[in-house]
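So the protein sequences, as listed, match chains A and B. All residue numbers for the first sequence refer to this note's numbering, where the first residue is 2 and numbers rise by one. All residue numbers for the second sequence refer to this note's numbering, where the first residue is 133 and numbers rise by one. Presented below is the structure to which this report refers.
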Amino acid sequence: MFLLRLFGFNPGPIRSIESAALHLGWGWAGLVLVLLALVPLAWWSYRCEGKNIQAKNRNRILALRLSWVLLLALLLTGPIIIISGWIPQKNRLAVMVDTSRSMSIKFQGETRLDRVKKLFNSGFISKITDKTGIFPEVFSFADNVSPVSRQEVEQFDFAAEGNQTDISGSLRNVMSNLGEGSLLGVIMLTDGVSTTGENPLAALGNLRTPIYFIAPGADGESPDLALHLPKPPALGFLNSSVRVRGEVSLHHLATAAVEVTIRRDGKPFTTAVASFSADGGRAPFAFNIPCDTEGNFRFELSIPGVADELTADNNSAGFLLKVVRERLNVLAVSGRPSWDMKFIGNALSTDPNAKMTHWLRIRDDRWVCARDFKPEKAVSSLSLSDDLKFADVVIISGVPHQFLKPVEEELVKRLEAGSIGLLFLPSTQTLGELGYGGTPLEARLPVVPGRELWRGNPGSMVLPSSETAYNFLRLVDDPLQNLEFFATLPKFDGLYEYDSLKPGAEVLVSSTVRGSADLLPFMMQCRAGQGHVVMIAGAPLWPVGFRLVPGERGFSPFSAMMVNMFKWLANRREDAQVSLELPSVRGYIGQAANIKVWVLDSKNQLLANAQVMVSVRDEKNNSTSIPCIETSERGCYEAAFVPADRGLHKVEAEARYQGRELGRTSGEMLVETPTAEFDEPVIKEALLRQLASETAGLFATDADAARIIAAIDAVPGQKLESRSLDLRDSWLLLVILLLLPMAEWYLRRTGGLS
Amino acid sequence: MIINLIKHAVYEHLRKIRGAALTVCIMLLILSGSGVLLAAEFDRLVIPRVKYDGGGDWYVGPTSMPNLIKQAGERLKMPVQADNIAVSISDPELFRYPMLFLTGHGQVRFKDHEINTLLTYLDNGGFLWVNDSYGIDKYIRREIRRLYPDRELELLPVDHPIFNMVYDFSEGLPKIHEHDAKPPAAWALFDKGRMKILYLYESDIGDGLEDAGVHRNDTPEIREKAMQMAMNILVYVMMQ
């Protein structure tokens with residue numbers, strides 16, 4: 002050590018050297034090669050002098066020169082001395098207290114946390130300090146890990162309020178944040194109930210730090226009845242029924258059966274009975290929900306409580322059920338065969354959720370029906386009433402009014418209520434000729450029929466000069482390119498010209514059939530109550546649809562336009578552009594729910610770079626807005642929401658693209674208090690013992706916690722550290738390197754050789 | 133069988149030679165290439181015939197489709213374009229037509245790239261109606277197998293809706309033109325729940341659709357039956 006300091010090296014915190022080694026940057030072979038080059042040179046230059054010299058002086062000069070050569074060769078090869086030695090280190094010890102709700106389970110009149118408190122009050126921490134010489138760093142853990150100050154420890158400021166426990170995650174968190182020092186171990190005061198995160202056995206089995214576990218007491222003795230509803234249904238289809246299955250579990254309780262009460266939207270709905278076998282444990286129950294009405298329904302299940310029950314939180318559970326029509330049902334009625342209807346059918350068949358029923362009039366007494374694109378045998382009369390019940394959109398194409406009259410009242414009623422949309426297609430006959438004049442259906446059209454005039458000139462489609470507000474008309478993202486795209490679509494052979502639009506009606510697409518300077522309405526829309534009516538005045542549609550070669554500007558976008566228009570007509574606009582994906586319709590307080598929003602463009606293709614915002618409103622009308630982050634999946638945007646309160650939460654997502662609103666969608670989530678902490682109210686002794694064994698730690702109960710203190714190896718902390726010392730950094734060696742030739746020069750001067 | 137085939141072909145050609153000058157003109161037009169054929173109007177019903185390789189007479193019965201289309205206009209009140217139009221499978225114009233008619237005697241052969249194009253056409257909503265004038269059976273079955281190697285033609289039962297669309301055929305496909313005294317059969321290839329190919333064997337609806345007098349044995353009743361069945365096929369294709 003003295004020599005090192007003498008040569009000007011700083012060994013750092015190393016107080017005593019355990020080992021030292023010389024390392025050459027060029028290796029020993031490099032040194033030999035350098036010597037092979039330098040030594041003969043030095044010898045040759047010495048021999049060349051040819052002067053008489055005393056043997057004594059000759060040897061001195063030779064020694065000096067060889068020493069200089071050796072030193073120079075050594076320094077040239079990059080010599081480094083590596084020394085290793087022990088350095089002292091501060092000992093560290095962590096104490097982690099489980100503050101999850103399972104710590105409130107009672108044993109012998111005391112909760113598990115009470116027993117921890119008792120242990121602390123008995124001087125557990127001070128005994129650790131006495132043994133190790135350090136005050137341990139204390140943490141509480143449950144949902145997350147929090148450091149606890151010495152004052153809080155002394156006051157025992159802990160509460161069993163955590164809704165979940167992540168033993169492995171919490172332990173890793175503490176160990177990575179303890180800082181420099183020698184970790185003597187971690188003492189965990191826990192019941193071993195780990196409800197989230199990695200499996201502790203898999204995650205902690207290879208730790209080199211001893212983990213000491215102290216279980217506060219034994220199994221809880223409080224009785225508990227728990228209702229388990231692991232996978233409640235989220236979606237039901239109209240006119241079907243949904244089967245709900247669950248379980249009831251018993252703990253320190255014996256009963257033959259438990260009645261489960263089910264309420265729908267706060268009103269009694271039904272009951273189910275969970276019958277236990279002789280060995281108790283868990284008993285299944287089930288009930289059916291007939292989906293006879295569309296909408297969102299909140300179901301609440303409850304079981305009776307018992308005296309001194311472990312917790313009442315797991316005596317109830319709930320879920321939301323959304324009842325929807327299974328598919329987008331389109332009902333078409335045609336007065337004559339047309340490729341237009343086949344095109345519409347082709348477009349709809351690209352959507353697996355779309356279904357089409359098409360009635361075609363062959364003669365007044367002969368009708369053919371195709372259901373789901375499968376034609377059936379002809380029948381003698383039209384029968385629409387059954388099909389109308391399930392229809393979301395009705396297409397009327399050249400069918401005389403007399404055939405619609407039997408269902409007209411129902412059709413108009415549903416249209417006004419917004420549960421059906423209407424699409425009128427042009428035909429070879431005018432609406433007047435077909436008998437629509439003065440009818441309730443005529444009153445819902447966007448135009449005033451009567452004096453319609455067929456303009457039999459080919460024309461192109463023209464979008465309004467201002468950007469369209471309707472997503473189904475945006476086949477190409479860029480508005481200008483979209484205009485061009487519509488203009489280049491195959492022309493129409495003509496359209497019906499009407500006197501005027503009704504107030505409130507709107508032209509969606511125009512046409513150039515009368516010249517580009519005099520545009521005529523081609524596609525119009527108006528509202529009828531809450532429903533939408535679209536009328537297409539020009540024909541035919543099928544040339545566009547039957548350009549069958551798929552491609553960017555071919556069949557696919559136009560099909561998407563038709564499908565999206567039908568969804569819009571069916572008041573399912575959200576399906577066309579923005580859809581919400583909740584991880585579950587059930588959320589839990591304190592647990593993040595990842596909300597996904599899928600955004601499609603008007604061509605039904607997933608859209609990147611959209612701006613998506615999710616807002617969540619709870620039952621108290623508190624609203625939280627969260628911007629979504631785009632994920633690696635194209636068109637998918639994600640936001641994490643952590644519920645703070647129980648109850649129904651309304652979730653709404655809005656997507657915008659380049660400042661333009663693409664659409665909105667909404668959903669609901671029922672937030673409950675998590676009860677997983679009470680699912681198995683036993684101390685996980687086997688798990689804790691195994692973890693302690695695998696990490697060279699120890700398991701004990703609070704009664705024999707002294708064993709833990711005794712087992713802690715409290716030797717002063719030190720660690721082996723190595724340092725590299727580069728000999729070229731030594732000022733002394735530099736001086737020697739200079740002195741050696743000077744000494745030779747001196748000898749030569751005094752010996753008369755120079 | 134071979135003798136019958138030769139006899140039939142000779143008969144057909146002799147008939148064509150002494151046929152009306154208009155027929156010859158149309159033939160010449162067709163043979164001169166599809167580029168000079170009459171273009172289809174979008175709002176009109178047009179059913180082009182398929183021009184295929186292999187040596188078969190794809191052009192046989194030039195009046196059958198115009199007659200069918202004309203009748204569709206009258207009976208079904210559809211706007212029509214009653215022209216005889218031919219299209220080859222490799223022609224990009226193929227995709228303008230939702231329905232194709234293929235007929236002839238003898239060899240039918242699709243080129244490899246035509247197989248791919250025809251598959252795309254059928255998978256995107258197109259329909260192929262094959263009419264066996266005579267002797268086409270083994271060749272068209274081979275080509276259909278090349279198109280859909282994992283699918284089989286299915287024999288349509290007499291109660292299939294195609295026999296009850298516009299007109300009722302309680303006994304199934306009508307026999308229009310006698311060849312080998314075999315019963316007529318309607319075979320169909322279904323894919324993804326949709327009929328994509330209809331192959332009429334030993335019926336020869338195409339003959340029955342031709343002008344009166346072209347086939348001396350086709351009585352007005354027989355010809356009406358052929359037209360009625362053709363209407364059924366047309367409406368079925370438009371409805372599915």
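We put the beta carbon where it would ideally sit given N, CA and C, even for glycine. Treat the numbers as computed from the prediction; the structure is a model and nothing was measured.
Taking C-beta atoms under 8 Å as the contact rule, residue 251 of chain B and residue 279 of chain B qualify, at a distance of about 6 Å.
Secondary structure of residue 45 of chain A (DSSP, three-state): helix. Contact between the stretch 402-421 of chain A and the stretch 528-535 of chain A is present: 3 or more CB-CB pairs across the two stretches fall below 8 Å. Counting the other Cβ atoms within 10 Å of the Cβ of residue 138 of chain A gives 16 or more, which makes it buried. Against residue 378 of chain A, the close residues of chain B are 293, 296, in the order they occur along the chain (beta-carbon pairs closer than 7 Å).
The beta strand (DSSP E) runs of length 3 or more contained entirely in the stretch 206-267 of chain A are, from start to end of the chain, 212-216, 225-229, 236-238, 241-252, 258-265. Per DSSP, reduced to three states, the secondary structure at residue 57 of chain A is helical.
Using a C-beta cut-off of 8 Å, the stretch 672-679 of chain A makes no contact with the stretch 90-97 of chain A, since fewer than three inter-stretch Cβ pairs fall below that distance. For the stretch 127-186 of chain A, the continuous beta strand (DSSP E) assignments of 3+ residues that do not extend past its boundaries occur at 138-142, 146-149, in sequence order.
Only those residues of the stretch 177-208 of chain B whose C-beta falls short of 7 Å from the nearest C-beta of chain A are listed: 208. Using a Cβ distance threshold of 8 Å, residue 639 of chain A and residue 597 of chain A count as a contacting pair. Non-local C-beta neighbours of residue 354 of chain B in its own chain, meaning closer than 7 Å and more than five positions away in sequence, comprise 308, 340, ordered along the chain. Annotation for residue 595 of chain A: no alpha helix (DSSP H) segment contains it, though the beta strand (DSSP E) segment containing it runs 594-600.
For residue 661 of chain A, the enclosing beta strand (DSSP E) has its first and last residue at 661-673. For residue 271 of chain A, the closest Cβ of chain B is not nearer than 8 Å. Between the stretch 348-363 of chain A and the stretch 419-430 of chain A, the count of Cβ pairs shorter than 8 Å is below three; the stretches do not touch.
Here residue 292 of chain B is buried: its Cβ has 16 or more other Cβ atoms, across all protein chains shown, within 10 Å. Nearest C-alpha to residue 136 of chain A among A/102, A/701, A/187: A/187.
In the DSSP assignment, residue 215 of chain B falls outside any beta strand (DSSP E), carrying neither H nor E.
With its beta carbon at least 8 Å from every one in chain A, residue 281 of chain B lies outside the interface. Residue 289 of chain A and residue 268 of chain A have their alpha carbons spaced roughly 16 Å apart. A residue is called buried once 16 or more other Cβ atoms fall within 10 Å of its Cβ, and residue 3 of chain A, having fewer, is exposed. Under a 10 Å Cβ-count criterion, residue 489 of chain A is classified as exposed, with fewer than 16 other Cβ atoms of the shown protein chains found around its own Cβ. Per DSSP, the continuous alpha helix (DSSP H) segment holding residue 340 of chain A begins and ends at 340-350. Of all residues in the stretch 309-338 of chain A, only 336, 337, 338 place a beta-carbon less than 9 Å from a beta-carbon of chain B. C-alpha of residue 239 of chain B to C-alpha of residue 263 of chain B: approximately 13 Å in a straight line. The DSSP assignment places 441-444 as complete runs of the alpha helix (DSSP H) inside the stretch 404-481 of chain A, in order along the chain (cut-off: 4 residues).
Within the model, the alpha-carbon separation for residue 711 of chain A versus residue 250 of chain A is close to 41 Å. DSSP places residue 508 of chain A in no alpha helix (DSSP H) but in the uninterrupted beta strand (DSSP E) bounded by 507-512. Taking a contact to require three or more Cβ pairs closer than 8 Å, the stretch 699-719 of chain A and the stretch 322-340 of chain A do not qualify as touching. Beta-bridge analysis with DSSP links residue 359 of chain A to A/333, A/371.
A buried status is given to residue 192 of chain B, since no fewer than 16 other beta-carbon atoms sit within 10 Å of its beta-carbon. Put simply, the stretch 381-399 of chain A touches the stretch 558-571 of chain A. At least three CB pairs are less than 8 Å apart.
Within chain B, the residues 230, 370 have their CB atoms less than 7 Å from the CB of residue 340 of chain A, given in chain order. Residue 9 of chain A is positioned such that its CB atom lies closer than 8 Å to that of residue 732 of chain A.
Boundaries of the beta strand (DSSP E) harbouring residue 231 of chain B: 231-237, taken from the DSSP string.
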